[in-house]
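Protein chains in written order, with my numbering: chain A, 5 to 494; chain B, 1139 to 1241.
Glycine included, C-beta positions come from ideal geometry on N, C-alpha and C.
Below is one structure; the comments refer to it alone.
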């Protein structure tokens, strides 16, 4: 049996020490207490890091603001950094268990899947709108090929540009809003929560005395409302709108001092930015002044027309019965009656053209003589005086002139080729006198009986020293002097 | 890279320590910081420390047959002692270096 000498004992101790050292080294490597190893080569030793590069890479990835993920060849999620978890609102554990594509809405997953399909050889990038929880995030997604130990995976980065996109949208919206305000033809006013005008279209210049922006709406536009509108004044309207209630087409009146009064339709609505709380109100005003004037005139004309139709029918009835009474035969009636109605119609035509305003004496003479004389005939002369006749005078005077001209055509100055008629007019303080003087016609004799024509002439223009008509049948021509009271000419 | 730190203004047997690191790996950086702390708190004023960067000079690993990094070698007093790891376990370090842990 061999004994163990001192040298052998020393060898055993050394071997035991080396064994313990080897075990300690293995244990340290297994427990992750070292991160580099020295590997002996032929002539030189080399140092290899254990996981150092990966740790640094991961530390770098975690420090990035970009969301980053690594997928293997089967598109299983290998790694997702904290920024990506924040974007999706999911924990890293949840993201890893569900997988990246399954954590996305189907549409976004399909789009990213399409990018991955194309990213085997080169980097792919696209801007996507991804549903993250309840929010829609705008992301630039880039997919690049990622070499792995035994296969190829994909590196995906997500750049959240939601705030930039929203800011651009807000800026665009602001530009559109400004363009609308600049282009609007109608007055549009925007007020803040205190009722102070912050924006106004250029069209308000016609309604506001001076700039409106910066002033209270009620001061810039002191509106007056009808009692039954339920609105007291402009301040009340702003208060109601700021309270969340919309109003449309409320009639209002705006006094502009020397510039007159404008009739407006005013609408008001609360202004909600981004669909949230009320931050002000929007007022629109439509100027109805001209339309209201037209409506009032239309209303007046309808009443006037009704009145005149009744008068005309009464007059036609009287003309009919009196013409019938004075006619010697039915054929005589058939000749006289239509002409008198035509004379009445001619005056009416003039009045309609003048919208039932005043006619000139000249217009009336031309209209009544037109059926019997060529245009611009010099056989009838009349004054150049600008004499205006209201409708209540023009209608009977037109009938009188008709009777005179028909008599002249039958028996007087217009019954031959030489006769002429001089019509004159002279203003007196109390009346206007119009003279009808015939000359050059056949010798005139007093009619044997007074017909309807003479009656109409004598009665149509009234009675008294300042009104009425007198006919003289002088041998050298008929003379008629007509007086119209000055009060009837106003 | 190597560095030395020697303080010998007190009595007793001096400590000679060599810390082998590999550049700026996290474990190497931690080992340097932990050794600085332990030396300040437990080694008094009589020790000599050398830090060897094997990444820059891998051949220096042969002197103490270094395999894993970081490794701290106590060459004095004999026998040689090796501590593998980043020296974060202070008690383990003090036991291996045969220094008395604080009470």
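Candidates the options: closest to residue i by CA position
i	options	result
residue 1 (chain A)	A:409, A:267, A:199, A:361	Outside the shown range of chain A, which is 5 to 494, sits residue 1 (chain A), and nothing can be said about it.
residue 404 (chain A)	A:165, A:301, A:463	A:463
residue 453 (chain A)	A:477, A:176, A:472	A:477
residue 369 (chain A)	A:400, A:340, A:182, A:342	A:400
residue 468 (chain A)	A:140, A:344, A:411, A:435	A:435
residue 326 (chain A)	A:166, A:345, A:308	A:345
residue 1203 (chain B)	A:25, A:355, A:177, A:465	A:25
residue 1222 (chain B)	B:1151, B:1173, B:1178	B:1173
residue 260 (chain A)	A:211, A:271, A:280	A:211
residue 237 (chain A)	A:228, A:332, A:192, A:293	A:228
residue 390 (chain A)	A:375, A:378, A:364	A:364
residue 388 (chain A)	A:426, A:378, A:82, A:412	A:426
residue 247 (chain A)	A:197, A:394, A:183	A:197
residue 431 (chain A)	A:412, A:474, A:486, A:445	A:486
residue 482 (chain A)	A:318, A:441, A:242	A:441
residue 181 (chain A)	A:110, A:23, A:141, A:277	A:277
residue 1217 (chain B)	A:31, A:117, A:185, A:22	A:22
residue 288 (chain A)	A:266, A:12, A:375, A:192	A:192
residue 226 (chain A)	A:253, A:266, A:245, A:249	A:266
residue 312 (chain A)	A:359, A:79, A:377, A:418	A:359
residue 114 (chain A)	A:97, A:145, A:90, A:138	A:145
Own chain partners of residue i with C-beta closer than 7 Å, once the 5 adjacent residues on each side are dropped
i	result
residue 290 (chain A)	190, 268, 269
residue 20 (chain A)	none
residue 230 (chain A)	255
residue 1145 (chain B)	The predicted model places residue 1145 (chain B) with a pLDDT of 47, which falls under 50 and marks its position as unreliable; any figure quoted below should be read in that light. Taken in chain order, the residues that qualify are 1183, 1184, 1185.
residue 220 (chain A)	199, 200
residue 88 (chain A)	71, 72, 73, 162
residue 94 (chain A)	107
residue 263 (chain A)	none
residue 82 (chain A)	74, 75, 76, 157
residue 450 (chain A)	477
residue 1165 (chain B)	1208, 1224
Whole-Å CB distance - residue i paired with residue j, under 8 Å assumed
i	j	result
residue 1176 (chain B)	residue 1225 (chain B)	7 Å
residue 424 (chain A)	residue 443 (chain A)	6 Å
residue 132 (chain A)	residue 143 (chain A)	5 Å
residue 188 (chain A)	residue 202 (chain A)	Not confirmed; about 15 Å, so no contact.
residue 194 (chain A)	residue 280 (chain A)	Actually they do not touch by this definition, with Cβ atoms about 16 Å apart.
residue 341 (chain A)	residue 324 (chain A)	6 Å
residue 362 (chain A)	residue 394 (chain A)	6 Å
residue 49 (chain A)	residue 1200 (chain B)	7 Å
residue 141 (chain A)	residue 217 (chain A)	With 8 Å as the limit, residue 141 (chain A) and residue 217 (chain A) do not qualify as a contact, their Cβ atoms being about 38 Å apart.
residue 337 (chain A)	residue 348 (chain A)	Wrong, their Cβ atoms sit about 16 Å apart, outside the cutoff.
Nonlocal neighbours in the same chain, by C-beta distance under 6 Å from residue i, ignoring five residues either side
i	result
residue 407 (chain A)	457, 460, 461
residue 65 (chain A)	72, 85
residue 489 (chain A)	435, 470, 471
residue 492 (chain A)	397
residue 1235 (chain B)	1212
residue 147 (chain A)	119, 120, 123, 128, 158, 160
residue 466 (chain A)	472
residue 1141 (chain B)	Confidence at residue 1141 (chain B) is low in this model, with a pLDDT of 41, below 50, so the placement of that residue is unreliable and no value is reported for it.
residue 474 (chain A)	485
residue 135 (chain A)	109
residue 250 (chain A)	273
Same chain, Cβ closer than 8 Å to residue i, neighbours up to 5 away in sequence not counted
i	result
residue 41 (chain A)	33, 51, 52, 54
residue 5 (chain A)	Residue confidence for residue 5 (chain A) is low, a pLDDT of 45 falling below 50, so the modelled location carries little weight and cannot support an answer.
residue 411 (chain A)	457, 482
residue 243 (chain A)	199
residue 252 (chain A)	271
Ranges of the alpha helix (DSSP H) found wholly within the segment 427–482 of chain A, counting only runs of at least 4: 456–464
Where the segment 1199–1213 of chain B meets chain A: residues whose CB sits under 9 Å from a CB there: 1199, 1200, 1203, 1204, 1205, 1206, 1207, 1208, 1209
Please give me, in chain order, every unbroken run of the beta strand (DSSP E) with length at least 3 that falls completely inside the segment 235–299 of chain A. 251–259, 265–276, 282–291
Near-chain B residues of the segment 14–40 of chain A - C-beta to any C-beta below 7 Å: 25, 28, 29, 32, 33, 37, 38, 39, 40
Run through the segment 71–132 of chain A for me and flag every whole alpha helix (DSSP H) of 4 or more residues, listed as ranges in chain order. 86–92, 96–102, 104–107, 110–122
Along the chain, which unbroken stretches of the beta strand (DSSP E) at least 3 residues long are found entirely within the segment 310–385 of chain A? none
Against chain A, which members of the segment 1226–1239 of chain B pass a CB distance test of less than 8 Å? none
Could you run through the segment 110–139 of chain A and flag, in chain order, every residue whose CB is less than 9 Å away from some CB of chain B? none
Identify every run of the beta strand (DSSP E) within the segment 170–228 of chain A, keeping only runs that are complete inside it and at least 3 residues long; order them along the chain. 192–196, 201–204
Which of the residues in the segment 68–87 of chain A, read from start to end, lie with their CB under 8 Å from any CB of chain B? none
Beta carbons nearer than 8 Å to chain A: which residues of the segment 1176–1200 of chain B have them? 1192, 1193, 1196, 1197, 1199, 1200
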